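Chemist: Numbering (the working numbering), first residue to last: 2 to 948. Take this structure first; my questions come after.
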Amino acid sequence: MLSYNLDMILKQSKHILTRLVVALLILVVLGGSPVGAQYYFGKNKVQYARFNWQVMTTEHFRIYFYEAEVEVAKMSARLAEDSYRVLAIRFNHEIKKKTPLIIYSSPNYFTQTNVVPGMLPESVGGFTEFMKGRVVLPFNGSYHDLDHVIRHELVHVFTFDKIEHVLKHRSRIRSAYPPLWFTEGIAEYWSKEWDTDADMFVKDMVINERLVGIPNMYKIRGTYFMYKLGQSICAFIDSTYGADKLMLIFDEWYKGNTFNRIVKNVLGDDLKELSRKWEYSLRKKYYPELAESGLPDMESDRITHDGYSVKGVPILWDDGSGMKEWVVFKANRMGYSGIYMTPSEGSKKKQPIRTLIKGERSSDYESLYLLRSGIDANDSGKVVFSSKSKEHDVIYLYDLNEDEVVNRYEFDSLAAIRSPRLSPDGSKIVFSGIRLSGFTDLYLLDLTSGKYQALTDDIYNDFDPTFSPDGTRIVFASDRNADGHKGATNLYEYSLSDNILSQLTFGLFRDQSPDWSEAGIFFSSDRGGTFNLFLLDNNDQLVRQSEYVTGTFNPRLTPDGKHLVYTGYQNMTFQVYRMEIPSQPEKITQPLASSQPLWKPMKIDSRFSNSSIKYSTDYSLDIAQSSIGYDPVYGSLGGFQMAISDVLGNRAYYFLLANTANSKDDFLESFNVGITHINKERRLNWGVGTYHIYNEFFNDYDGYFNVREAGVITLLSYPFSKFHRLDLTTLAAYNHRYRRYGQRDREAFLGTHYLSWVYDNSLWDISGPIEGRRYNFTVGITNRIESWEHFNRMVLADIRHYFRIGRYSAFANRLFAYSSAGTEPRRIYLGGSWSFRGYDRHRFYSRNVLFSSTELRFPLIDNLFIGFPFGGIGFRGIRGTLFFDVGHASDDAFNKLRFDQFLGSFGAGVRVALGYVVLLRFDYTHTTDFNTVSPKADFNFFFGWNF
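See below:
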């Protein structure tokens, strides 16, 4: 692997300043991208789809879209311009440059974006990339959600542009950075009204004594809870201190060096006092609701207990020990999502859990869409669900009797599949599908023929379908009403016999997740201000089934017809519950049917936008920086690096210019130059580059020497799935090694090839991997181009397994083997905190290395806050470890190894996360030759993740 080639150069560099320059070269040659697979492990962002990008220019935006989603692009352009006008008035500010707005027609396509290099979690609904001001978001089928996300992200754009403008106008270079809870909170507050979801999350935290005040907001940093609390705080400032105060915070940003000082200047209260008043107002608002409503934990039987458990389906099934009631459900019990089943006997105690599907570990089940998609099961033992599998979503049919998946259905014309439901006779499946254009419709799949047909075909968001008991009709939720653009969804009936649609419920509410039984249609709705369960009986009478203070969803009638299994929210988690159907339920008067026409999406007027043109690569600067230093022995050193990339992040160039001369006499011949082009537009990522290196090196085997190398490099990376890939690196270079003290120089034209197979399905916590597997198998060869003389051959195997034994505990194992041969075998170092603990980083330097490490990882302290007179500092997720390392490094062949040649080390460590980017590791280590143990423990610290 190229990383080993350059890593050895870096480690052998004689002095720190030279290492800096060489490190810059490594970045340039590898291109800073996954194409340098080369960077060992990591999951893959696979470019399955080929997008023919186009650009539409409006007054304030450049809209990037592909042909299939042109209607979504026109809607987005109109919504963006409308939002711009509102926010420009609110911020009293205009943005001078056009904002790039990149649209994807589905969340699945959105995850393939290269605008940011990392993997996007399923929960991300859009983001703003601040370096170039790009806004990137998917269309999930809901016009209302699209409007909200666009405005939310544009608040971010205005926020930072406004702050920059204020500071520049006041000639301030440095100032406070806004806390995340504030930037996300104000983006939520100025992009949507306070709704049922926000109310549910905040109300639950207050009632269950889990409310997080402003000084402790770091504990929930980046979570959805932080978004909603931030929104609540901004609303409180607006209503309590005055409608102008939020804007004044931005206008007076230059007056404070801390956010606390800025808030104090504007509000008259600091953050601590603001928090105290805000928390008190929430308690006054929500506590009285408990007098009228209950909590799921107190009034229902809790079936599940771990993680988020949702979408419970009750069935009657014989597992071999007799017929009994079970509940099939989805959950992320230990981090990964999966499908499980458990007995449902109404006990408040934990019941045994049977695992059906392990999600997020393989390409078959890359994502089970924990909250986005429902599942179904019947008394015959059939379970149906959808999952992302490589390029497409797939419908899987699982048989409990066979204990395996018995069929799968995949459709190239659909970008996503949601909430499949079985017909009463088990011969058909109805589901919600997202077309390539981005719009969501209903589809009917015949399991016998495998053919499917569209039931609806329009711009409305149709979801959560289910069959009537006789299988002739389908009920579903949709925004196809007069207020759908405002987020209202009602229930509709589709007749399979005559293809007629009928509206069943009415009003500006969010009716969803219907379940049709002989008694009528059970569903969840926020009518009344909180999501609760309702029944639309066979006489069209609306009947309340629950009165809970937080939220209840996904009702399913049990086989005995006397209970409902539902998903309830309480204490900051979703769980599956079982409740009795009330004997004297409250009847609800349903609003009258609206005479208003169905809403229609607003699109950009052609007068205010140009016709779309084909996207042409538009490069702009990512980073440009230089470093310069002076060493009293080696003289001055300097380097410059620059990176440019296109708007979509698909193509990039990396440049380096550096000099490692020790004196002015060798200044001209000591230039280091590199340029690399990276292309990630297609599934096959590739890169090409050229470089020149001249530097001085030292290692324990060769002593001091100089190397001049000039050549070209090609990089190829082909991901088979999210979890494994094949990498190929090839170099052709002129290499001249200048040796000292009478040793002979060596000059050659060399060809180098590295081939790597990389697998990674690991799940991380705050300190590193905690579950899954990581493999890297690499072979490489370097030879003279003119004679094929082998300079070196290498083989590497790095195998890592993580066995979860608790939510934050794991047993981690690593086996590493490396061997190199040839006239100039490539030796590597072993030692230091990241490999062989207890031994110096350069203690072992050999061509054959065998090493293993075993760790027990466990939690020590969840949260630690240290107060000072001037403030405080908090730490999250402090972890502990017990470890045992064994290793051997020598130039002798592996078949000559003896046990007494191995060395070992053991000890304990502490891992402290400093934010989300840095992990501080403390290790206390004893070394051993397996005859004696070092009398004194070695202490060292290091910045870096667990292996």
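For every residue, glycine included, the Cβ atom is placed at its ideal position computed from N, Cα and C. In this text the structure is predicted, and so the values were computed from the model without any measurement.
If Phe159 and Ile104 are in contact, beta carbons under 8 angstroms, what's the gap, nearest whole angstrom?
Modeler: The pair is not a contact, with the Cβ atoms about 19 angstroms apart (cut-off 8 angstroms).
Chemist: At the level of alpha carbons, what is the spacing between Gly530 and Ser106?
Modeler: 32 angstroms
Chemist: What would DSSP say about Ser935, mapped onto helix, strand or coil?
Modeler: coil
Chemist: Where do the N-terminal and C-terminal ends of the alpha helix (DSSP H) with Pro108 fall, by residue?
Modeler: 108 to 111
Chemist: Whole-angstrom Cβ separation of Pro556 and Phe507, contact assumed at under 8 angstroms?
Modeler: That belief does not hold up - the Cβ atoms of Pro556 and Phe507 are roughly 20 angstroms apart, past 8 angstroms.
Chemist: Does the structure place the stretch 356 to 367 close enough to the stretch 288 to 306 that three or more beta carbon pairs sit under 8 angstroms?
Modeler: no
Chemist: Going straight from the alpha carbon of Phe943 to that of Val911, what length do you get?
Modeler: 11 angstroms
Chemist: In terms of alpha-carbon separation, which member of Asn814, Ala478, Asp527 lies closest to Met201?
Modeler: Asp527
Chemist: Spatial neighbours of His843 within its chain, please: C-beta separation below 6 angstroms, excluding the five flanking residues on both sides.
Modeler: These residues qualify, in order along the chain: Tyr830.
Chemist: Along the chain, where does the alpha helix (DSSP H) that runs through Gln454 open and close?
Modeler: Counting along the chain, Gln454 falls outside any alpha helix (DSSP H), though it belongs to the beta strand (DSSP E) covering 453 to 455.
Chemist: Comparing C-alpha positions only, which one of Glu185, Lys75, Ile174, Arg175 sits nearest to Thr129?
Modeler: Ranking Glu185, Lys75, Ile174, Arg175 by Cα distance to Thr129 puts Glu185 first.
Chemist: Nearest-angstrom Cα distance between Phe111 and Asp892?
Modeler: 50 angstroms
Chemist: For Lys265, report the span of its alpha helix (DSSP H) as first-last.
Modeler: 260 to 268
Chemist: Could you check how far apart the C-beta atoms of Asn696 and Thr661 are, in whole angstroms? I think they sit under 8 angstroms.
Modeler: Asn696 to Thr661, Cβ: 5 angstroms. Contact.
Chemist: Should Ile430 and Leu446 be called a contact, given that it needs their Cβ atoms to be closer than 8 angstroms?
Modeler: yes
Chemist: Please state if the CB of Ser390 and the CB of Ile396 are separated by a distance shorter than 8 angstroms.
Modeler: no
Chemist: DSSP state of Phe884, grouped into three classes?
Modeler: strand
Chemist: Pull up the distance between the alpha-carbon of Asp619 and that of His678, whole angstroms please.
Modeler: 15 angstroms
Chemist: Let's test the definition: count the other Cβ atoms within 10 Å of the Cβ of Asn539 and tell me whether it reaches 16, buried, or not, exposed.
Modeler: exposed
Chemist: Among Phe226, Lys169, Ser428, whose alpha-carbon lies nearest the alpha-carbon of Phe183?
Modeler: Checking every option, the nearest Cα to that of Phe183 belongs to Phe226.
Chemist: Suppose the cutoff is 7 angstroms on Cβ atoms and the five residues either side in sequence are ignored; what does the same chain contact list for Glu253 look like?
Modeler: Ile263, Asn266, Val267
Chemist: How many Å lie between Asp148 and Asp471 at the Cα?
Modeler: 39 angstroms
Chemist: Quick one: what does DSSP say Phe944 is sitting in, helix, strand or coil?
Modeler: strand
Chemist: Give the range of the alpha helix (DSSP H) segment to which Val406 is assigned.
Modeler: In the DSSP annotation of this structure, Val406 is not part of any alpha helix (DSSP H); the continuous beta strand (DSSP E) holding it starts and ends at 405 to 411.
Chemist: Starting from the Cα of Ile475, find the closest Cα among Gly488, Phe440, Ser424 and give me that residue.
Modeler: Ser424
Chemist: In this structure, how does DSSP classify Ser240 when only helix, strand and coil are distinguished?
Modeler: It is helical.
Chemist: Under the three-state reduction of DSSP, which class applies to Ile27: helix, strand or coil?
Modeler: Unreliable placement is indicated for Ile27, whose pLDDT of 46 sits below 50; the coordinate value is still reported in the next sentence. Shown here, Ile27 sits in a helix according to DSSP, grouped into three states.
Chemist: With a threshold of 16 other CB atoms inside 10 Å of the CB of Met120, please say whether the residue is buried or exposed.
Modeler: Flag for Met120 reads exposed.
Chemist: With a threshold of 16 other CB atoms inside 10 Å of the CB of Arg828, please say whether the residue is buried or exposed.
Modeler: buried
Chemist: Report yes or no: do three or more beta-carbon pairs, one from the stretch 744 to 761 and one from the stretch 927 to 946, lie closer than 8 angstroms?
Modeler: no
Chemist: Leaving aside the five residues before and after Ile460 along the sequence, list all residues of the same chain whose C-beta is less than 7 angstroms from its C-beta, in chain order.
Modeler: Phe440, Pro602
Chemist: So for Glu697, helix, strand or coil by DSSP?
Modeler: Here Glu697 sits in strand by DSSP.
Chemist: Taking the Cβ atom as the reference point for each residue, do Leu505 and Tyr495 lie within a distance shorter than 8 angstroms?
Modeler: no
Chemist: Counting only beta-carbon separations shorter than 8 angstroms, does Thr58 have a partner in chain D?
Modeler: This model lacks chain D altogether, as it is built from one protein chain only.
Chemist: Excluding the five sequence neighbours on either side, which residues of its own chain have a C-beta within less than 6 angstroms of the C-beta of Pro720, listed in chain order?
Modeler: Asn45, Val47, Arg726
Chemist: DSSP on Met248, reduced to helix/strand/coil?
Modeler: helix
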